[in-house]
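Heads up: the sequence shown begins at 1 in the working numbering, then just goes up one per residue. Ideal placement from N, C-alpha and C gives every residue a C-beta, glycine not left out. Below is one structure, written out as structure tokens; the observations come after it.
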Amino acid sequence: MLGTICRFWRDQRGIALILVTIMLPAIIGFALLAIDMSRANNLHNDVQKGADAFAIAAAAELDGAPDAWTRAERAMENLVDNTTRFSNSGLVTLASAGSVTVNPGASSCRSRGNISWCFLKSLPASDSSPITSSNYATTQAETLFVQVTVTPESFSSIFPASFLGGSNGLTVGATAVAGSPGAVVCDMVPVFICNPFPGQSLYEVANSGQFYKKSLKLVVGSTSWGPGNFGFLRPSDGHGYGETDLATDIAIGRVPECVSARRIYTQTGNLTTKVKAAFNTRFDIYANGGGFPSKSDPRWPPAPNVRKGFQYASNGNGQGSGSQNPCNMELATDATRYHQLTRDTSFTGQIGNGGWDYTGYAAANQMTSALTHFGSSYNNTTNPPSRYDLYHWENTHDSNGNVVPVGDPNSLVHTQSVGGETGVPACASTVGDEDRRLIYAAVVDCSDSYVQSQLNGQSGAPPAIGFASLFLTEAVTGDEVMAEIVDIAGSRGRGTMENFVRDDVQLYR
């Protein structure tokens, strides 16, 4: 009997069953916890992604315009479609549909469907600090961010937490904050222009077809600002940014920092001799001697096509034969021998009618035959081509209409006019790229009283309504800069500024 007891005591068979029996509740409990945690995590992931998507869609519309909030709400309603799983309600569509309810205590806070949002003008300095009413925007112009909150969804766990004194249910919600700094441009010429078509947005004008091919007489505004007036930009901390600094940056083609449409830092003043010379570097016109701008400085090369209707400076015989010095030239008066890309035939204020002497240009520059490849439908005034498109064609085609690289000796740039002028730069020692004659400018609504109050010396910082690229059609010889609008930034433009203007939206929380 004692031996039987001893053998039983030493027998280890079946011990695993005992251990499993003891551990089975814990194993099942941990398995249920793992399943619940996975379900809750997936639900939170779905809800958070939905909040992020709503916030980003809304923030993309916050450009400071009077209808920014309306467009942001429309974007949340129409552009975002998210669903969640694993809540007690099963498959739930996160929607912003129906009528908007405005918070009576804060008009910038609203709700619709199963989301709510607040438009914000600022964020707390620390991410751990809560957003309060002091951060709420009161106007659409000052709105920089949007906070979106998704209504929490109920979630019931499988693990019986109530056995341990806890709750079997919880709610899962999410909040996201996104913002947009507005359109941002880097490496732009420090210039702004007044909207040539006041009362209309750039996009309305672009859609109507009024914007392109028309001459602009850009005249410094000084104290009076209207359509076509222009002024200069300065760095944000650039008080004391002087004439030489400005002229240098215009010659190079960039303001020394990125520019946001939310707030451009303006500097009004006159079109001085130095500033004119800075613009004219693009036309291979440089100061005599060692003055500014130096022809040997590679920071401001001429464009590859500088045809400008100039002749060698006269020696007194009236024929412009002079010393044949390409750095000493003057504007010719005989348009049958020397012909630049002329301005429009008539103007309303400072905006041209879009008609210019295309056939005269082709004849004087002996390109009438060559330009038949460019387009036979163009004539003198009713349907002339864009001057920029013609400039680009000359750079990239030969007399037979074949495509050639920019700078190729067979391009139309090398074709001589009746008077002997070509478009080949000869004064400077280097040549820039084709876009040297393009300048990118901020466009400002100068009809707005607030903007007008900001256009005063070096103290102003008005918002811009957009950015435009302008083609310089003539060398600056007077008190105006002649240009042609090529494109505007944004989806309604021609697409040539897509890589130039950044309009980023980011999540902040």
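Opposing strand residues paired with residue i [DSSP bridges]
i           : result
residue 178 : 146 and 507
residue 229 : 219
residue 483 : 216 and 472
residue 331 : 310
residue 109 : 118
residue 263 : 260
Test item: CB-CB of residue i and residue j under 8 Å
i           : j           : result
residue 462 : residue 266 : yes
residue 486 : residue 183 : no
residue 279 : residue 476 : yes
residue 120 : residue 143 : yes
residue 446 : residue 194 : yes
residue 413 : residue 431 : no
residue 302 : residue 428 : yes
residue 360 : residue 382 : no
residue 489 : residue 466 : yes
residue 76  : residue 57  : yes
residue 439 : residue 390 : no
residue 60  : residue 180 : yes
residue 51  : residue 175 : yes
Cβ shell of residue i (< 6 Å), same chain only, five flanking positions each side left out
i           : result
residue 190 : 232, 233, 249 and 255
residue 236 : 265
residue 509 : 177
residue 535 : Nothing in the structure corresponds to residue 535, since the chain is present only between 1 and 509.
residue 247 : 274, 275 and 278
residue 401 : 373
residue 503 : 183
residue 149 : 116 and 175
Endpoints, alpha helix (DSSP H) assigned at residue i
i           : result
residue 71  : 68-78
residue 390 : 387-396
residue 452 : 449-454
residue 255 : Taken as a continuous stretch (DSSP letters only), residue 255 belongs to no alpha helix (DSSP H), as it is neither H nor E.
residue 359 : 358-364
Residues of its chain near residue i, where Cβ-Cβ distance is below 7 Å and the 5 sequence neighbours each way are ignored
i           : result
residue 332 : 309, 310, 311, 320, 338 and 419
residue 300 : 251, 252, 281 and 293
residue 212 : 386 and 485
residue 201 : 465
Segment limits, beta strand (DSSP E) that includes residue i
i           : result
residue 440 : 438-444
residue 471 : 466-472
residue 120 : 115-120
residue 310 : 310-312
residue 275 : Per DSSP, residue 275 belongs to no beta strand (DSSP E); it is in the alpha helix (DSSP H), 273-280.
Assumed close pair residue i, residue j - CB separation to whole angstroms, cut-off 8 Å
i           : j           : result
residue 153 : residue 47  : 7 Å
residue 177 : residue 140 : That belief does not hold up - the Cβ atoms of residue 177 and residue 140 are roughly 18 Å apart, past 8 Å.
residue 399 : residue 422 : Actually they are not in contact, since the Cβ atoms of residue 399 and residue 422 sit about 13 Å apart, beyond 8 Å.
residue 43  : residue 85  : 7 Å
residue 411 : residue 394 : 7 Å
residue 151 : residue 173 : 7 Å
Spatial neighbours of residue i in its chain, beta-carbon cut-off 8 Å, leaving aside the 5 residues before and after
i           : result
residue 479 : 219, 220 and 271
residue 228 : 193, 194, 196, 216, 217, 218, 219, 349, 350 and 351
residue 318 : Because residue 318 sits at a pLDDT of 48, beneath the cut-off of 50, its placement in the model cannot be relied upon, and the point is left open.
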